[in-house]
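Numbering (the numbering used here), first residue to last: 6 to 185. Where a beta carbon is used, it is the ideal one built from N, C-alpha and C, also for glycine.
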Amino acid sequence: MGERLPKLTFLNLRSNRFSDHIPVAIYAFASLQIRDLASNNLSGTIPNCFNNFSAMATDLSSSDLFLYGASDLAIVEYELLVMKETTLRYSTTLRFDAYLDLWDNHFSGDIPSELTRLLGLRTLSLSKNRLLGKIPEEIGNMVLLESSDFSVNELSSEIPLIMSSLTFLSFLNLFYTNLS
Numbered sequence: 006m007g008e009r010l011p012k013l014t015f016l017n018l019r020s021n022r023f024s025d026h027i028p029v030a031i032y033a034f035a036s037l038q039i040r041d042l043a044s045n046n047l048s049g050t051i052p053n054c055f056n057n058f059s060a061m062a063t064d065l066s067s068s069d070l071f072l073y074g075a076s077d078l079a080i081v082e083y084e085l086l087v088m089k090e091t092t093l094r095y096s097t098t099l100r101f102d103a104y105l106d107l108w109d110n111h112f113s114g115d116i117p118s119e120l121t122r123l124l125g126l127r128t129l130s131l132s133k134n135r136l137l138g139k140i141p142e143e144i145g146n147m148v149l150l151e152s153s154d155f156s157v158n159e160l161s162s163e164i165p166l167i168m169s170s171l172t173f174l175s176f177l178n179l180f181y182t183n184l185s
């Protein structure tokens, strides 16, 4: 499917009752900048192949993107993005940043270090899962990261000191974890 929509930049699959693993077809969309898979029933470990998302691996903030959605065969020139119960409306000419939302699923295991290779990522939400272990030290490489939510997980260990060097990070939620 990704070959047929090579320029698709926004994919919202929030609250679709997906279960088991992330659908394999999602990995074919290399140009996606926003992947919203929140509030499903996805489980297992977070796949290592997230680093295949080349649009999220580079800083695309200088480019303008266009987003159009279809509804009942009519062109709709806006899209809604829900981030932590705040709804943003994007329309016609867009400039938005790389965003990955896996909030409110049933992912378990460690946070894969491959996620930290998404160097263009501005927002990362892994909240409300069953993640274990620690936040990867490589998160310090994500210098454009502005918002990160690891809350309501079973993370333990120490918060990586390297996170203090993330100068754009303005929101960090570690609520209900065992991090110190």
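Q: May I ask which residues mark the beginning and end of the beta strand (DSSP E) holding glutamate 159?
A: Locating residue 159 in the sequence shown gives position 154, where the first residue counts as 1. Glutamate 159 -> beta strand (DSSP E) spans 159-162.
Q. Going along the chain, which residues of its own chain have a beta-carbon closer than 6 Å to the beta-carbon of proline 11, five neighbours each way excluded?
A. Locating residue 11 in the sequence shown gives position 6, counting from the first residue. Result list for proline 11: empty, nothing under 6 Å.
(Q) Relative to the C-alpha of leucine 105, which candidate in Leu131, Gly138, Ala30 and Ala35 has its C-alpha closest? (A) Along the sequence shown, read from residue 1 onward, the residue named residue 105 stands at position 100. The residue among Leu131, Gly138, Ala30 and Ala35 with its C-alpha nearest the C-alpha of leucine 105 is Leu131.
Q. Just the Cα atoms here: how many angstroms apart are proline 28 and leucine 47?
A. Taking the first residue of the sequence shown as position 1, residue 28 is located at position 23. Taking the first residue of the sequence shown as position 1, residue 47 is located at position 42. Each residue's alpha carbon lies about 9 Å from the other.
Q. Using a Cβ-Cβ cut-off of 8 Å (strictly less than) and excluding sequence neighbours within five positions of serine 156, which residues of its own chain qualify?
A. Stepping through the sequence shown from its first residue, residue 156 is reached at position 151. If we look at serine 156 and ignore the five residues flanking it on each side, its Cβ neighbours are Ser132, Lys133, Asn178, Leu179, Phe180, Tyr181 and Thr182.
(Q) Let me check understanding here. Comparing Cα to Cα, which of Leu13, Tyr32 and Pro52 lies closest to serine 113? (A) Here residue 113 is taken as the residue at index 108 of the sequence shown, counted from 1. Of the listed residues, the one whose Cα sits closest to serine 113 is Pro52.
Q) Tell me which same chain residues have a C-beta within less than 8 Å of the C-beta of leucine 16, skipping the five on either side of it? A) In the sequence shown, the residue the question calls residue 16 occupies position 11. Excluding sequence neighbours, leucine 16 sits near Ile31, Phe34, Leu37, Ile39, Arg40 and Asp41.
Q | Span separating the alpha-carbon of arginine 135 from that of tryptophan 108 | A | Translated into the one-based positions of the sequence shown, residue 135 becomes position 130. Translated into the one-based positions of the sequence shown, residue 108 becomes position 103. Rounded to the nearest angstrom, the two C-alpha atoms are 11 Å apart.
**Q.** Residue(s) in a DSSP beta bridge with threonine 128
**A.** For the purposes of this step, residue 128 is taken as residue 123 along the sequence shown, with counting starting at 1. Note: threonine 128 sits in a beta bridge opposite Tyr104 and Ser152.
Q) Beta-carbon separation of asparagine 146 and leucine 160 under 8 Å? A) Within the sequence shown, residue 146 is the residue found at index 141, counting from 1. Within the sequence shown, residue 160 is the residue found at index 155, counting from 1. Not a contact, by the Cβ cut-off of 8 Å.
Q: Count the other CB atoms, across all protein chains shown, that sit within 10 Å of the CB of leucine 166; report buried if there are 16 or more and exposed otherwise.
A: If you number the sequence shown from 1, residue 166 lands on position 161. When all chains shown are included, leucine 166 counts as exposed.
Q. Who are the near neighbours of glutamate 163 in its chain, counting only those whose CB is closer than 8 Å to its CB and skipping five residues on each side?
A. In the sequence shown, the residue the question calls residue 163 occupies position 158. Same-chain partners within the cutoff: Lys139, Leu184 and Ser185.
Q. Do you know whose CA, among Thr128, Ala62 and Asn110, lies nearest serine 44's CA?
A. Position 39 of the sequence shown, counted from the first residue, corresponds to residue 44. Measuring from the Cα of serine 44, the nearest candidate turns out to be Asn110.
Q: Determine the closest residue to valine 148 out of Leu129, Arg19 and Leu171, with distance taken between C-alpha atoms.
A: The residue given as residue 148 occupies position 143 in the sequence shown. Measuring from the Cα of valine 148, the nearest candidate turns out to be Leu171.
Q.
Between Arg9, Thr50 and Thr14, which has its C-alpha nearest serine 24's C-alpha?
A. The count along the sequence shown starts at 1 and reaches residue 24 at position 19. The candidate whose alpha carbon is nearest that of serine 24 is Thr50.
Q: Select from Ile144, Arg22 and Ala103 the residue whose C-alpha is nearest the C-alpha of leucine 13.
A: The residue you call residue 13 lines up with position 8 of the sequence shown. Nearest to leucine 13 by alpha-carbon distance, out of Ile144, Arg22 and Ala103, is Ala103.
**Q.** Beta-carbon proximity of leucine 137 to aspartate 154, cut-off 8 Å
**A.** Within the sequence shown, the letter at position 132 stands for residue 137. Within the sequence shown, the letter at position 149 stands for residue 154. The answer is no: Cβ separation not under 8 Å.
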